[in-house]
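Chemist: Okay, so the sequence shown: first residue is 0 according to numbering that gives the first Met the number 0, each after it adds one. All C-beta atoms, glycine included, are put in the ideal place defined by N, C-alpha and C.
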Amino acid sequence: MSTLPTYTYDPITPSDFRLFHITSIDPQIQFRLESFDIEEFPDYEALSYAWGTSVETESVLCNDATFTISRTLGDALRALHKHAEHWIWVDAICINQADNVEKAHQVAGMGDVYSYAETVGGGR
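1. Assuming L46 and G120 make a contact with CB atoms under 8 angstroms, what is their CB distance in whole Å?
2. With a threshold of 16 other CB atoms inside 10 Å of the CB of R17, please say whether the residue is buried or exposed.
3. Whole angstroms are fine: how far does the CA of P13 sit from the CA of I92?
4. Would you tell me roughly how many angstroms separate the C-alpha atoms of R31 and E38, rounded to the nearest one?
5. Helix, strand or coil: which one does DSSP assign to V59?
6. Considering only C-alpha positions, which residue in the set T2, I11 and D42 is nearest to S114?
7. Note down the Cα distance separating L3 from E117, rounded to an integer number of angstroms.
8. Would you decide whether V100 is buried or exposed? Buried here means 16 or more other CB atoms lie within 10 Å of its CB.
9. Please confirm if the segment 20-35 is in contact with the segment 59-67, defined as three or more CB-CB distances below 8 angstroms between the two stretches.
What follows is the structure in structure tokens.
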């Protein structure tokens, strides 16, 4: 049995941001994460998501590598996938939380991310 690698973010430029597309939710959430230029990107939904204090996590697959998200976010993604298949932005996935420089730049541009979204949904 082979072990899948842990997902590693590719660096992005200040004019880029990431979106993901859920490809499966059963038996495990799987998605493709890609970067797009802020001037040219597909329609997407932004999820306004409160991280909360939940310590429960689940393992998902991102670009065929393991990625850990909160159980609450997993529940929100399963609910989103039931509506339609589309591109999604949520900070916990689309921003490399371990890279403080990227995080600072991306957080500063979150207003644009929300305003460019086709829809903005709420999470817990």
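Modeler: According to the structure data:
1. For the purposes of this step, residue 46 is identified with residue 47 of the sequence shown, where counting begins at 1. For the purposes of this step, residue 120 is identified with residue 121 of the sequence shown, where counting begins at 1. Sure, about 5 angstroms apart at Cβ, within 8 angstroms.
2. Here residue 17 refers to the residue found at position 18 of the sequence shown. By the 10 Å Cβ count, R17 comes out buried.
3. Locating residue 92 in the sequence shown gives position 93, counting from the first residue. Locating residue 13 in the sequence shown gives position 14, counting from the first residue. About 17 angstroms.
4. For this step, residue 31 is matched to residue 32 along the sequence shown. For this step, residue 38 is matched to residue 39 along the sequence shown. Looking at the backbone, the Cα of R31 and that of E38 are separated by about 20 angstroms.
5. In the sequence shown, the residue the question calls residue 59 occupies position 60. In this structure, V59 counts as strand in the three-state DSSP scheme.
6. Taking the first residue of the sequence shown as position 1, residue 114 is located at position 115. When only C-alpha atoms are compared, the closest one is D42.
7. Taking the first residue of the sequence shown as position 1, residue 3 is located at position 4. Taking the first residue of the sequence shown as position 1, residue 117 is located at position 118. Straight-line Cα distance between these residues: approximately 34 angstroms.
8. Against the sequence shown, residue 100 aligns to sequence position 101. Answer is exposed; the Cβ neighbour count stays below 16.
9. With a cut-off of 8 angstroms, the segment 59-67 and the segment 20-35 count as touching, because enough Cβ pairs lie within range.
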